[in-house]
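Residues in the sequence shown are numbered from 1 upward in steps of one, following full-length UniProt numbering.
We put the beta carbon where it would ideally sit given N, CA and C, even for glycine.
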Amino acid sequence: MYDKTKVCLFVLTLIFSVGFFCSTGYFLYENNQLKHKLADQEKKATTATTQKGHFESTIVSFYRTLYTYQDNAKAVDLEKLNQWTDPAVYAEIKKEIDVAQQGTPQQNIIRSSMIQSKGIEVVPFLKSAEDQLSYLVSVPILQKINGEETAFTQTEILSFDVHTQKIVQRQIILSKGSETNG
Numbered sequence: 001m002y003d004k005t006k007v008c009l010f011v012l013t014l015i016f017s018v019g020f021f022c023s024t025g026y027f028l029y030e031n032n033q034l035k036h037k038l039a040d041q042e043k044k045a046t047t048a049t050t051q052k053g054h055f056e057s058t059i060v061s062f063y064r065t066l067y068t069y070q071d072n073a074k075a076v077d078l079e080k081l082n083q084w085t086d087p088a089v090y091a092e093i094k095k096e097i098d099v100a101q102q103g104t105p106q107q108n109i110i111r112s113s114m115i116q117s118k119g120i121e122v123v124p125f126l127k128s129a130e131d132q133l134s135y136l137v138s139v140p141i142l143q144k145i146n147g148e149e150t151a152f153t154q155t156e157i158l159s160f161d162v163h164t165q166k167i168v169q170r171q172i173i174l175s176k177g178s179e180t181n182g
């Protein structure tokens, strides 16, 4: 009644058709997954770039606030510094400001300080953990100590908590410079 060859060809055609449609469906599914994965990576890269720009502008503002004052280091805006740092780093900064103002008029007291914002170099240094980013920062500082100007460059590592976006660690690596009479 049925020719075995025709039946065999029909069954093989059905098998190949089903295989073709399944592989096409799988290809489209994988292609869609790849598009979503690439879109997610692009979104993460954009977020990281935005975050990097935010952290770098925070670093410049942080140093501009910390090292720019006239007559007295007590004029530094501690409230802003408190917003950018965690409590441990903030305590270190307050201690640094207090030390800069201690002493009698005959001793070395920092009278004024300023930085060159354009001279600040910020380099992404290390991603130490999932929730921390570190930056190597080089800051040119000009301070007037009892009438004498001292220009130096301070190099530090600043670590940010990604979630709180605050400075959680500040480590001075190097301070080098020259003294000029004012």
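When DSSP states are grouped into helix, strand and coil, Gln154 belongs to the strand group.
A straight-line Cα-Cα distance of about 12 Å links Asp3 and Val11. Boundaries of the alpha helix (DSSP H) harbouring Gln83: Leu78 to Trp84, taken from the DSSP string. Counting the other CB atoms within 10 Å of its CB gives Ile15 a total below 16, which places it among the exposed residues.
When C-alpha distances from Lys144 are compared across Leu9, Thr68, Gln132 and Lys80, the shortest belongs to Thr68. In the three-state DSSP reduction, Gly147 falls in the coil class, being neither helix nor strand. Segment contact: the region 51-60 against the region 159-167, three or more CB-CB distances shorter than 8 Å; contact assigned. Taken through DSSP and simplified to helix, strand or coil, Asp161 comes out as strand. Note that the C-beta distance between Val99 and Asp131 is not below 9 Å.
DSSP, read as helix, strand or coil, puts Tyr69 in strand.
Under the three-state reduction of DSSP, Ile15 is assigned to helix.
In this structure, DSSP gives Gln102 a state outside helix and strand, which the three-state scheme calls coil.
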